[in-house]
Amino acid sequence: MFEYQLGIDFAKTLDKNDPLALYRNQFHIPKDDTGNDLIYLCGNSLGLQPKTTKQYVNQELEDWATLGVEGHTEARHPWLPYHEFLTESMAKVVGAKPIEVVVMNTLTANLHFMMVSFYQPTPQRYKILIEADAFPSDKYAVESQLRHHGYDDKEAVILWKARKGEELLRYEDLEQILENHGHEIALIMIGGVNYYTGQYFNLKQITNLGHKYGCKVGFDCAHGAGNVALNLHDSGADFAVWCTYKYLNSGPGSLAGAFVHERHAHSKTLNRFTGWWSHNKQTRFKMRDAFDQLPGAEGWQLSNPPILSMAAIRASLDMFNQVGIEKLIEKSKMLTGYFEFLINALKNEHIKIITPKNQEERGCQLSIQVKTADRSLHEKLTNAGIICDWREPDVIRCAPAPLYNTYQDVYNMVEKLKNILNE
Ligand SMILES: *Cc1c(COP(=O)(O)O)cnc(C)c1O
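Structure follows, in structure tokens:
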């Protein structure tokens, strides 16, 4: 095991030896009033802007200006197949086959569209299992799907809960739930990396378990994409969705991703909502043909997509592909391990990291509980130039992103936290 050391010199050495160090310079780093870089640890909420994004977006603005409608076929990156330019690189990022991946819509919308297909309740099997502390949007989406199908959203949601006094979820508890209720559960829908605790679930284990009981299984990977090696294809999950504005650095409110496992690629029986973009590309513009389903995840598209947003995604994915997700995760583990080491070295009895200690069960985020703290701690951190986020009642979430955060960012963050707590 690699041994971390205390002191700023060690942080400087790690930065000097960091093979990805040059990438920081390819991002716009937000600055304080005096022009110093802020310590930005909020990539789990909104990733920073790559410097190339402007160029990619400008190219589409220029082509639109000079070509008008002709840009659909004549733009340097023609708009008609534009989403296809993202597919292969996005598939690599999430560990899927190209036919399984599409960029479309926004995240919660995709979750709904996936549930149209993969939540098919019957009188015997209509319940949905989610994790107790699921992201609110996911919870609301699930509850509204249940109501839409005429079920009571209180009775038909089964929660996978942490035990009393614990924060993390245990697989043996999930097994127990399935043993008791598996035959009633139509869908298991879990956040692949929990937004609050940072717990990264074993997608394959959950999928196998769900399938064993005849449930469909899907994941919201908003906190996983660009952060951990999701291996979606191998997980066997029926579907997954994620956004691109968190770790994937594609801009506020940017489009989202969807994964549909290859085994559903040619299904003509799955229920789904469709539009002209789910129709056969060859005959789409004849406009009068009967509906002809596109195979693969593309077949879940509805509309012609916003090219400007896709240009920003392309800029970011080009960088991800250049680095490679394995290299990225290698640094991520080093960086977050160092962060954990420094927090633990504070030996402060009021501080507890609720994120799993095991590197295989987390991404870059650490959720740090400060038992004596209230919201003023977050204010003080912000005033000290640290951008992280606060979750009631007493948790700060910090996500050192391996593409642009440094070991010195992490070192300085912990020093400032220490000083604030000692005040
Ligand atoms: C960020 C996030 C969302 C946000 O949904 P949008 O539709 O993009 O606004 C939803 N679910 C999870 C798990 C998230 O992390």
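According to this note's numbering, the sequence shown holds residues 5 to 427 in order. Note that the Cβ used here is the ideal one computed from N, Cα and C, for glycine as well. Model, not experiment: these values are computed from the prediction.
By a beta-carbon distance limit of 8 Å, LEU182 does not contact ASN409. Their separation comes to about 39 Å. The C-beta distance from GLY261 to VAL245 rounds to 7 Å, short enough to fall under 8 Å.
The secondary-structure analysis by DSSP pairs LEU370 across a beta bridge with CYS402. If you ignore the 5 residues before and after LYS384, its C-beta comes within less than 7 Å of the C-beta of ILE424, all in its own chain and listed in chain order. Between VAL232 and GLY328, the C-beta gap is not smaller than 8 Å, which leaves the two residues out of contact. About 5 Å separates the CB atoms of LYS131 and ILE189; that is less than 8 Å, so the two are in contact. Bridge pairing for LYS220: LEU191 [DSSP]. Here LEU306 is near SER282, since their CB atoms are less than 8 Å apart.
Between PHE324 and SER93, the C-beta gap is smaller than 8 Å, which places the two residues in contact. LEU133 is bridged by DSSP to ILE162, ILE192. Taking non-hydrogen atoms of ligand 1 into account, the C-beta of ASP393 is found less than 7 Å away from none of them. For ligand 1, the residues with a Cβ under 6 Å from any of its heavy atoms are, in chain order, THR110, LEU111, THR112, PHE139, SER141, ASP142, GLY195, TYR199, ASP224, ALA226, HIS227, CYS247. Contact check between the region 308–323 and the region 48–67: three or more CB pairs, one atom from each, fall below 8 Å, which counts as touching.
For ARG167, no beta strand (DSSP E) run applies, since DSSP gives it neither H nor E. An exposed status is given to ALA349, since fewer than 16 other beta-carbon atoms sit within 10 Å of its beta-carbon. Taking the Cα positions, TYR199 is about 8 Å away from ALA138. Measuring C-alpha to C-alpha distances from LYS272 to each of LYS250, GLU74, TYR342, GLN297 identifies GLN297 as the nearest.
Ranking THR211, GLY218, TYR217, TYR251 by CA distance to the CA of GLY230 puts TYR251 first. Bounds of the beta strand (DSSP E) holding GLY261 are 260–264. Looking at the backbone, the Cα of VAL106 and that of ILE372 are separated by about 35 Å. Along the length of the region 295–321, whole beta strand (DSSP E) runs at least 3 residues long do not occur. Between PHE31 and LYS55, the beta carbon gap of about 7 Å places them in contact (Cβ cut-off 8 Å). When LEU191, GLY228, ASN387 are compared, the shortest CA-CA separation from GLY214 is found for LEU191.
Beta-carbon to beta-carbon, GLY257 and THR110 are separated by about 7 Å, close enough to satisfy the 8 Å threshold. Residue range 355–357 is occupied by the beta strand (DSSP E) that includes LYS356. Proximity of the region 374–393 to the region 414–422 meets the contact definition, three or more beta-carbon pairs being nearer than 8 Å.
If you draw a straight line from the Cα of GLN412 to the Cα of LEU421, it is about 14 Å long.
Per the coordinates, the alpha-carbon of PHE295 lies some 12 Å from the alpha-carbon of PHE277. If you draw a straight line from the Cα of PHE14 to the Cα of LEU332, it comes to about 21 Å. Nearest to PHE117 by alpha-carbon distance, out of VAL264, ALA226, ASP378, is VAL264. According to the DSSP assignment, PHE122 belongs to no beta strand (DSSP E) but to the alpha helix (DSSP H) extending over 111–122. Taking all protein chains shown into account, ALA136 has fewer than 16 neighbouring C-beta atoms within 10 Å of its C-beta and is therefore exposed.
In terms of Cα proximity to HIS354, the closest of PHE223, ALA160, ALA377 is ALA377. DSSP, reduced to helix, strand and coil, places ARG151 within a helical segment of the structure shown. Shortest Cα-Cα distance from LEU381 to any of GLU7, LYS361, ASP398 involves ASP398.
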